[in-house]
Amino acid sequence: MASKRDQAILKCTECGEHNYYTTRNKKTHPNKMEIKKFCSRCGKMTVHKEGK
Ligand SMILES: [Zn+2]
683 MASKRDQAIL KCTECGEHNY YTTRNKKTHP NKMEIKKFCS RCGKMTVHKE GK
């Protein structure tokens, strides 16, 4: 199968909402990402973690 980019979902750690899709480079980011992003459900900036 043709190489498909590794997609990950960024989930809000406070409400669990799936807010962002991202593509991740395993070579540069071997660990799970934690990014502060705006969550529309929480209405504020929260930490988002990579999930499936
Ligand atoms: Zn949230």
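Quick note on numbering: our numbering labels position 17 of the sequence shown as 699, and the sequence is numbered without any gaps.
We put the CB at the ideal spot given by N, CA and C, even for glycine.
Source: prediction; values computed, not measured.
{"Item": "If you follow the beta strand (DSSP E) that K726 is in, where does it begin and where does it stop?", "Value": "726 to 733"}
{"Item": "Measure the alpha-carbon distance for R687 versus N701 and round it to whole angstroms.", "Value": "19 Å"}
{"Item": "Is G698 near ligand 1, with its Cβ less than 8 Å from a heavy atom?", "Value": "yes"}
{"Item": "Starting from C721, follow its DSSP beta bridges and name the residues at the other end.", "Value": "K726"}
{"Item": "Any heavy atom of ligand 1 within a distance shorter than 8 Å of the CB on R723?", "Value": "yes"}
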